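**Q** The opening residue of the sequence shown carries number 69 in the numbering used here; numbering runs sequentially from there.
Yeah, the Cβ is synthetic: ideal placement off N, Cα and C, and Gly gets one too.
Fair warning: this is a prediction, and the values are worked out from it, not measured in the lab.
This is the structure I want to talk about, given as structure tokens.
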Amino acid sequence: MSSQALKLVFPGGEHPQVLLSPGRNAIGSNAGNSVVIDRPGIRPEHCELQVNLHGVMLRVPDGVVVEVNGRPVAGLIALRPGDVVGFDEVQARLVSLEVAGTAAPAVTGAAPANDDGPAATAIRPAVPRYVLRGVSGSNFGRSFPLVGDTVVGRAAECTLRFDDDGLSRLHVRLEPLLDGIRVQDLGSTNGTFINGRRVRMALARHGDEIGFDRLRFRVLAPGRSETVDEVPATTGAGRVRWMLAAAALAAMAAVAVVAVA
């Protein structure tokens, strides 16, 4: 039997990764907190993460500096795997993993930052629901699997990072669903596009082209043909062409009738 577990990963190495416990996980410089971050700008009780069966809630006290995906937040905020939480200048990413069977015994001592050692919980490899295939620039022909919620951008803490000047630090969030990929622009400067149309929140499906500024990718669902189906002639522009042709034939027929008469 498997259940979902969540952990915080600190890309900057300020703290070893932390497996979140059900209930209250206090974060701050106080030694009694679940996550102790003894850094300038971190308050003794900076904030807390509340973990339950429905997910994770971030509680931020008034006047405390906390950001989620680059945006200041306050009060009670729902988090999802892939979110990047900033505690003043310390960044941490919320990561989801599958725990197989019973949890492994707790390991004493601090593990190296961001290093899943031999005693870490075993993670079963997940089959990606969708793959992004590069169709432009240096990414042409490269494939990027989307296993879970993915944040794309230039920042080091992004799930999928590209060193491109046209990308914002946190550019877009991609959430794989059964019927496609939910695309949420995170307030980027140069925009997110689906099939050439700029979007803020939209659903991309197999065969669609997603663009992050100048970067272009084709959405592919493993197991399906990479050839995009042609639009039937009875829809869109094809329907207009068919109607024009039919009108022309009708006009020719009318002329022929008049001529015979």
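So H83 and I105 are supposed to be a Cβ contact under 8 Å. How far apart are they, rounded?
**A** Between I105 and H83 the Cβ distance is about 6 Å, and since that is below 8 Å, they are a contact.
**Q** DSSP state of N101, grouped into three classes?
**A** The answer is coil: DSSP assigns N101 none of H, G, I, E or B.
**Q** Using DSSP with H/G/I as helix, E/B as strand and the rest coil, what is N137?
**A** N137: coil per DSSP, three-state reduction.
**Q** Quick one: any contact between the segment 229-238 and the segment 276-289, if contact means 3 or more CB pairs under 8 Å?
**A** Yes: at least three Cβ pairs fall under 8 Å.
**Q** Which word fits T257, buried or exposed, when buried means at least 16 other C-beta atoms lie within 10 angstroms of its C-beta?
**A** Burial call: exposed.
**Q** Return yes when the C-beta of V119 is under 6 Å from any heavy atom of the ligand NAD, and no when it is not.
**A** The model depicted lacks the ligand NAD and carries no ligand whatsoever.
**Q** DSSP three-state label for P206, please.
**A** Note that residue 206 is Ser in the sequence shown here, rather than Pro. DSSP places S206 in helix when its eight states are reduced to three.
**Q** What would DSSP say about T257, mapped onto helix, strand or coil?
**A** DSSP places T257 in coil when its eight states are reduced to three.
**Q** With a Cβ-Cβ cutoff of 7 Å, do V219 and G150 count as a contact?
**A** Yes, the Cβ-Cβ distance between V219 and G150 is below 7 Å.
**Q** Quick one, are the C-beta atoms of L271 and G248 less than 7 Å apart?
**A** Contact flag set, yes.
**Q** Measuring straight from C-alpha to C-alpha, what distance separates L144 and P129?
**A** Approximately 9 Å between the Cα atoms of the pair.
**Q** Assuming A146 and G123 form a contact by the criterion Cβ under 8 Å, report the distance between their Cβ atoms to the nearest whole angstrom.
**A** About 6 Å; that satisfies the 8 Å criterion.
**Q** Under 6 Å Cβ to Cβ from D183, same chain only, skipping five residues before and after it: list those, please.
**A** Confidence in D183 is poor, its pLDDT being 47 and thus under 50, which makes the residue's placement too unreliable to answer from.
**Q** Tell me, to the nearest whole angstrom, how far the beta carbon of P213 is from that of V199; I am working on the premise that it is less than 8 Å.
**A** The pair is a contact, with the Cβ atoms about 5 Å apart (cut-off 8 Å).
**Q** Can you say whether T302 is buried or exposed, counting buried as having 16 or more other CB atoms within 10 angstroms of its CB?
**A** Confidence at T302 is low in this model, with a pLDDT of 40, below 50, so its placement is unreliable and the value that follows should be read with caution. Exposed: under 16 other Cβ atoms inside 10 Å.
**Q** If you draw a straight line from the C-alpha of T227 to the C-alpha of V240, how long is it?
**A** Distance between the alpha carbons of T227 and V240 is about 11 Å.
**Q** Which parts of the segment 212-285 are runs of the beta strand (DSSP E), unbroken and 3 residues or longer, counting only runs that do not cross its ends?
**A** Counting only runs of 3 or more, we get 218-221, 240-245, 248-253, 260-262, 265-267, 269-272 and 277-280.
**Q** Can you tell me the Cβ-Cβ gap for D253 and I262, rounded? I've got them flagged as a contact below 8 Å.
**A** The Cβ separation is near 10 Å, so there is no contact.
**Q** Helix or strand or just coil, what does DSSP make of R148?
**A** The answer is coil: DSSP assigns R148 none of H, G, I, E or B.
**Q** Between L288, G91, T260 and L165, which has its C-alpha nearest R201's C-alpha?
**A** Among L288, G91, T260 and L165, the Cα nearest to that of R201 belongs to L288.
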